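So the protein sequences, as listed, match chains A and B.
-6 is the number of the first residue of the first sequence in this note's numbering; add one for each residue after it.
47 is the number of the first residue of the second sequence in this note's numbering; add one for each residue after it.
All residues carry an ideal CB built from backbone N, CA and C; glycine is no exception.
Since the model is a prediction, treat every value here as computed from it, not as a measurement.
Below is one structure, written out as structure tokens; comments come after it.
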Amino acid sequence: MNRDAALRLTAFDDVSPRPAPPLIRTCCLSVHYGAKTAVRDVELDIAEGAVTALIGPSGCGKSSFLYSLNRMTDLIPGCRVTGAVRIDGTDVCEPGVDTVLLRRRVGMIFQKPNPFPMSIRRNIELPLKEHGVRGRARRAEVVETVLRDVGLWDEVKDRLHAPAQGLSGGQQQRLCIARALALEPRVLLMDEPCSALDPIASGVVEDLIRRLRGRVTLLVVTHNLAQARRIADATGVFWVRDGAGALVEHGPTDAVFERPAAEETRRYVTGLHG
Amino acid sequence: MVDALRARRHRIEDLAAAVVVWAAALGVTAVFVWILGGLLWRGLGGVSWSFLVQAPRDAGRAGGIGPVLVSTGLILAVCLAVSLPIGLGAAALLAEFASDRHLFGRLVRRSLDVLAGVPSIVFGLFGGVFFCQVLGMGFSIMAGGLTLACMVLPILIRSAEVGFRSVPDEHRHAAAALGLSRASTLFKVLLPAAMPGVIVGVVLGVGRAMAETAALLFTSGYVDRMPGSLWDSGRSLSIHIYHLAMNISGGDANAGASAIVLMVLLLAINLAASFIASHFLQRGVVSV
Ligand SMILES: Nc1ncnc2c1ncn2[C@@H]1O[C@H](COP(=O)(O)OP(=O)(O)OP(=O)(O)O)[C@@H](O)[C@H]1O
Ligand SMILES: [Mg+2]
């Protein structure tokens, strides 16, 4: 166990002697596209501050599951979510939930970096303004802080006015993460954040994920099993069962990889399958 | 042997195709040069600074086109001031909020297609009755501008809608994931990204408006005095040309000169628009 984690555990113990209730708890969560069920009955608890990796073969519903957690599924025509997602006690699937506020607390990073077609600075300032962060100086401060957080500050501090589209793919992805962090989310959902990046850029993002652990609750979908082992405290394995994606295994990463309970997981993590 | 023959046949076919294509292109260019050349030859001598600023005299045979330019500008301004906000709003509604299956969206789109095909004289008659008589505006720049606005709206809405649709979904997802409201997404993310399409629409619309005579004949009228307000009648450049060429004997020279001015204006608007559009496309950015 590395030193950071040890420190975090002791700090954790000081605050609460009992294990804290999970920050996110899904109950019977299913996602449907029209008549097709993409994800069925997922029951998953996620602890605050932990990094959770979601792995599984293509098409088993990892993205669909992730999208349902901050109601991005609302944007997909024909998509319907049933069951419950309790985040910090409130069910975010209720119709009355303010999705603007929800998504401020539960941010999302996409597979393909998607900065807005504007300057680097404005990419971060736009959501800040939207969420009522007043004052130029205050916003400039946040921009610098989050860009430092993602290790981009030194690379872009002289060209904050330049278009974000001019950055490399890895830099764009880190800018997107910085933009999400600027809103100080409690949860960050990442859908294959490294799969469009080369190994070096993806290593940088991986380091960043490790640094964010404890500060933000992270759910990371990845096809890279080695990466899942490196970054994740817990791992969930999705698999297609009876024509719909299901969570077939979930637990501490080491246990999932070394003593998998489900047959699919055993074959998948040993590279026999998928 | 057979291969060689075949290769030869391909070469001949290629050559023939090239000749046909080039001939067609040359033909089009020749027509353009002929029109432009004839115009320049007849009218260029008449274009001067004083021609641009002076008032027409002797029914337009002498003098310049100063008031006509002012009226044209005012009519265009009214037209754009009305059609731009309505056009952008309608385009955003069609592209972002009314799905293709939506009955309302289908209805609006179908109406626009019909409107786009209506001859301008019909718009002129409509404007003459509705704006001038029913709303009591009389022959006025206001009535002309509003009539033109009705006419260019379909073009404007359709191009702007294409502009909105060409914005990739990634931006919509990014905006939603950051908790931007639909209004901010529309105004701050989608509209800037849709700008090239909007500009194309504006250029096509302005081009059509500037070239328009039929729709203005019954609405803004052809008084060639300097307009005192938007409620005065004012003669647009295209009507001036039409009038000089058709009704005034000895007006040909000034008609040619006015036509050159109109062509130059249209060209300038086109160039400016393509410059702005490429600026948006290249930098992919709206400066802070
Ligand atoms: N917009 C959609 N409309 C209809 N079906 C969809 C849609 N999006 C996903 N699906 C279906 O839902 C199932 C799960 O898809 P999803 O994208 O969640 O899988 P995934 O695990 O993220 O796959 P990948 O690893 O390839 O990203 C698939 O069978 C897919 O065909
Ligand atoms: Mg996916």
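State yes or no: is the C-beta of A:K29 nearer than 7 Å to some heavy atom of ligand 1? A:K29 Cβ: within cutoff of ligand 1.
Nearest CA to the CA of B:N300: which residue from B:L98, B:F169 and B:G191? The shortest Cα separation from B:N300 among B:L98, B:F169 and B:G191 belongs to B:L98.
Buried or exposed: which applies to A:W232, given that a residue is buried once 16 or more other Cβ atoms fall within 10 Å of its Cβ? Classification for A:W232: buried.
Does any C-beta atom of chain D lie closer than 8 Å to the C-beta of A:R97? Of the protein chains in the structure, A and B, none is chain D.
Please determine, among B:V93, B:S96, B:A105 and B:A64, the residue with the shortest C-alpha to C-alpha distance to B:S295. Selected option, being the one with the closest Cα: B:A105.
Whole alpha helix (DSSP H) runs in the segment 78 to 102 of chain A with 4 or more residues, listed along the chain? You should have 92 to 98.
Below 6 Å CB to CB, which residues in the same chain sit around B:S205 once its five sequence neighbours on both sides are set aside? If we look at B:S205 and ignore the five residues flanking it on each side, its Cβ neighbours are G243, V246 and G247.
Can you tell me whether B:H289 is buried or exposed? The criterion is at least 16 other CB atoms within 10 Å of its CB, across all chains shown. Per the 10 Å Cβ criterion, buried.
Partner residues on chain A for B:E216, Cβ-Cβ distance less than 8 Å: The CB of B:E216 comes closer than 8 Å to the CB of F103, K105 and N107 in chain A, given here in chain order.
According to the neighbour-count rule (16 or more other Cβ atoms, all chains shown, within 10 Å of its Cβ), is B:A138 buried or exposed? Answer is buried; the Cβ neighbour count reaches 16.
Considering only the beta carbon of each residue, do B:S186 and B:S279 sit closer than 8 Å? Contact annotation: B:S186 and B:S279 have beta-carbon atoms nearer than 8 Å.
What three-state label does DSSP hand A:H216 in the structure shown? Residue state, collapsed to three classes: coil.
Between A:P186 and chain B, is there a C-beta pair that is closer than 8 Å? So, not an interface residue.
Is the beta carbon of A:I69 within less than 7 Å of some heavy atom of ligand 1? Yes; taking the cut-off as 7 Å, the Cβ of A:I69 has a heavy atom of ligand 1 nearer than that.
For the beta strand (DSSP E) that A:A227 lies in, which residues bound it at each end? For A:A227, the enclosing beta strand (DSSP E) covers residues A227 to R234.
Return the residue from the list B:L199, B:R218, B:H148 and B:A229 that minimises the CA-CA distance to B:G253. It is B:L199 whose Cα lies nearest to the Cα of B:G253.
Alpha carbon to alpha carbon, how far is B:V331 from B:S324? With a pLDDT of only 44 at B:V331, under 50, the local geometry of the prediction cannot be trusted, and no value is derived from it.
What does a CB cutoff of less than 8 Å around B:L72 pick up in its chain, not counting 5 residues either side in sequence? Cβ neighbours of B:L72 beyond the five flanking positions: none.
Shortest alpha-carbon distance to A:Q164 belongs to which of A:R172, A:R141, A:A173 and A:A194? Nearest C-alpha to A:Q164: A:A194.
Which residues, in chain order, does the segment 117 to 146 of chain A contribute to contact with chain B at a C-beta distance below 9 Å? When CB distances to chain B are screened at a threshold of 9 Å, the residues of the segment 117 to 146 of chain A falling below it are E118, L119, P120, K122, E123 and H124, in chain order.
Closer than 7 Å: is that where the CB of A:T185 sits relative to any heavy atom of ligand 2? The question names Thr, yet the displayed sequence has Glu at residue 185 of chain A. For A:E185, the shortest separation between its Cβ and any heavy atom of ligand 2 lies below 7 Å.
Tell me which same chain residues have a C-beta within less than 7 Å of the C-beta of A:R259, skipping the five on either side of it? Counting only residues of its own chain and dropping the five nearest sequence neighbours on each side, A:R259 has a CB closer than 7 Å to the CB of P253.
What residues from chain B crowd round A:R172, counting only those whose CB sits closer than 9 Å? What A:R172 touches in chain B: A220 and L224.
So, is the C-beta of A:E251 closer than 8 Å to a C-beta in chain B? Not flagged as an interface residue toward chain B: A:E251, since no C-beta distance is shorter than 8 Å.
Please work out which residues of its chain come closer than 6 Å, Cβ to Cβ, to B:A260, disregarding the five sequence neighbours upstream and downstream, and give them in chain order. Excluding positions up to five away in sequence, the list reads S166, I167 and G170.
For B:N293, count the other beta carbons within 10 Å of its own beta carbon; 16 or more makes it buried, fewer makes it exposed. Which is it? Here B:N293 is exposed: its Cβ has fewer than 16 other Cβ atoms, across all protein chains shown, within 10 Å.
Exposed or buried, B:A63, counting other C-beta atoms within 10 Å across all chains shown (16 or more means buried)? Here B:A63 is exposed, its C-beta having fewer than 16 other C-beta atoms within 10 Å.
Taking the C-alpha atoms as reference points, what is the distance between A:A4 and A:L94? Low local confidence applies: a pLDDT of 43 at A:A4 is under 50, so the model's placement there is unreliable, with the coordinate-based value given in what follows. Each residue's alpha carbon lies about 29 Å from the other.
With respect to the alpha helix (DSSP H) encompassing A:V262, which residues constitute its N-terminal and C-terminal limits? From DSSP, the alpha helix (DSSP H) with A:V262 extends over E256 to V262.
State the DSSP-derived secondary structure class of B:S295, mapped to helix, strand or coil. If DSSP states are grouped into helix, strand and coil, B:S295 belongs with coil.
Between the beta-carbon of A:C21 and the beta-carbon of A:D34, is there less than 8 Å? In this structure, A:D34 lies closer than 8 Å to A:C21 by Cβ.
Beta-carbon within less than 6 Å of A:D184's beta-carbon, same chain only, minus the 5 sequence neighbours each way: which residues are those? Cβ neighbours of A:D184 beyond the five flanking positions: S56, L59, F103, Q104 and V214.
Does A:V93 come within less than 8 Å of chain B when only Cβ atoms are used? Residue-level contact check: A:V93 touches chain B, since one or more beta carbons of chain B fall below 8 Å from its beta carbon.
Report yes or no: is there a C-beta of chain B within less than 8 Å of the C-beta of A:P88? Taking Cβ atoms only, chain B never reaches closer than 8 Å to A:P88, which makes this a no.
Would you tell me roughly how many angstroms separate the C-alpha atoms of A:L68 and B:E207, rounded to the nearest one? Looking at the backbone, the Cα of A:L68 and that of B:E207 are separated by about 19 Å.
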